[in-house]
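Those letters in the sequence shown? Residues 201 to 588, per my numbering, in order. Ideal Cβ positions, reconstructed from N, Cα and C, are used throughout, including at glycine.
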Amino acid sequence: MTMTKKFLPFHLPEIGREEKKEVMNCLDSGWLTMGPRVKDFEEAFRAHSGARHAIAVSSCTAALHLSLVALGVKPGDEVLTTPYTFAATANAIIHCGAKPVFVDIDRETYNIDPARLEEKITRRTKGILVVHFGGHPCDMDAINAVARRRRLFVVEDAAHALGARYRGRKVGTLGDAGCFSFYATKNITTGEGGMITTRSAAAAEKMRVYLLHGINKDAWKRYSRQGSWKYDVVFPGFKYNMADIQAAMGVPQLKKLPAMAAACKKHVAFYNAAFAGCPELTLPTVKPWAEPSWHLYPVLLGLEKLKIGRDEFIEKMKQAGIGCSVHFIPFHRHSFYRKAYGLKAKDYPNCEYVYSRTVSLPLYSRMKKSDAARVAAAVKAIIAGNRR
Ligand SMILES: Cc1ncc(COP(=O)(O)O)c(C=O)c1O
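As structure tokens, then:
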């Protein structure tokens, strides 16, 4: 296949006039860092999420770390998590001096398998950090039941899942803290950025202090008319605040979320119909209790029916001018985690099965129907040319 058409990237953010106007207004205002726009974005996000508190931060990675610190994770503790996620999830645990303990996924949703949690719990286990993979919610009732029984906290890594619902309830409000990402490829973007949601006033208060060097209340106001130069450091905190330039994009992005999510859902329906008769592909499953946010569209290749492997498939898609990706390279395949925690592929068979077959196809609101049709045609042509 030769590259005749324009390259279709794996992702493009949807940035319009509203975002540009708000960012320009922010630049003109003279207040660039954390300030009134961060407050407005937090309030809009809080109202949208249904959470009691929303705290804006510099990334989802910062949100995860801050949540774990605020929930009291200390050196020597263990936190259960999924092996099928981005490095940030486990790194947040490690940066608390704690140990990530990986629990295999289920083969349908690629989320942590609640039935395997108990066997990994020890005296040192403090909590469970789940990831709503690709925007499909985890089985939160089953996870929360284990957490309640064993007195563990639950943090939701909702980096992919803004707007997703579990049994009608928004993700990010189902555990002790929810962590969202506004990285360039996510459901909404501020370039870089993140948000923590929580129902606990005490945790929210702690997070607000810890996110800005551990300075006591409203430190961000210290250069404004209402502020004072005097402050006290009550904890050696972090520099995890969001800036007003980022928050300026966040408010219009949040308003656009329903339209962007609807566009992605249409592309998903198109892909599902286009691939319905393809025995070489396993399509994403949606559990009856789930309303996914469709951050990703991962398909599994039936390698037994094909002459090529997953990596070659992605290379052929690239030759056809289409960007694909793989979510995720599991922890037992990264040198650091393999060595530090003695991880072995045989201990994570479902994760290994999914990883070796998965391809994430382009899925974003800026794609046109003709783009989705082009992706589907390329996938089918590669399969047709490489059947065993
Ligand atoms: C599951 C998951 N968690 C956390 C993160 C980290 O997000 P951020 O880049 O906002 O720190 C990512 C980023 O891709 C992710 O995929």
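The shortest C-alpha to C-alpha distance from residue 516 to any of 336, 580 and 311 is the one to 580. Residue 277 and residue 269 have their C-alpha atoms spaced approximately 12 Å apart.
The Cβ atoms of residue 237 and residue 222 lie closer than 9 Å to each other.
According to the DSSP secondary-structure assignment, residue 366 is paired through a beta bridge with 369 and 490.
In this structure, residue 396 places its C-beta atom within 9 Å of the C-beta atom of residue 253. With contacts defined as CB atoms closer than 9 Å, residue 411 and residue 431 fail to qualify as a contacting pair. In the displayed model, residue 357 falls within a strand according to three-state DSSP.
Of the candidates 381, 248 and 234, 248 places its Cα closest to the Cα of residue 370. When DSSP states are grouped into helix, strand and coil, residue 335 belongs to the helix group. One thing to note: residue 380 has its Cβ within 9 Å of the Cβ of residue 372. CA-to-CA, the gap between residue 295 and residue 265 works out to about 7 Å. Residues 256, 447, 450 and 451 of the same chain have their beta carbon placed closer than 7 Å to that of residue 241, with the five preceding and five following residues left out of the count. Of the other Cβ atoms in all chains shown, fewer than 16 fall within 10 Å of the Cβ of residue 542; this residue is therefore exposed. In this structure, the CA atom of residue 316 is about 16 Å from the CA atom of residue 552.
For residue 583, the uninterrupted alpha helix (DSSP H) run begins and ends at 569-585, by DSSP.
About 6 Å separates the beta carbon of residue 210 from that of residue 524, a gap short enough to meet the 8 Å contact definition. Relative to ligand 1, the beta carbon of residue 359 is positioned inside 8 Å of a heavy atom. For residue 296, the CB stays at least 8 Å from every heavy atom of ligand 1. Counting of Cβ neighbours within 10 angstroms places residue 216 among the exposed residues, the total staying below 16. Proximity to residue 275 across 341, 292 and 582 peaks at 292, based on C-alpha coordinates. Closest option to residue 213, judged by alpha-carbon separation, among 507, 487, 463 and 510: 463. Under the three-state reduction of DSSP, residue 213 is assigned to coil, being neither helix nor strand.
By the Cβ neighbour-count rule, residue 224 is exposed, with fewer than 16 other Cβ atoms within 10 Å of its own. Collapsing the DSSP output to three states places residue 525 in a strand. Between residue 298 and residue 259, the C-beta gap is not smaller than 9 Å, which leaves the two residues out of contact.
Residue state for residue 382 is assigned as coil, using DSSP reduced to three classes. For residue 463, the enclosing alpha helix (DSSP H) stretches over residues 444-474. Here residue 302 is buried. Its C-beta has 16 or more other C-beta atoms within 10 Å. Inclusion of residue 311 and residue 337 in the CB contact set at 9 Å is warranted, their separation being smaller than that value. At a cut-off of 8 Å, the beta-carbon of residue 386 counts as near ligand 1: some heavy atom of the ligand is closer than that. Inclusion of residue 566 and residue 205 in the CB contact set at 9 Å is not warranted, their separation being larger than that value.
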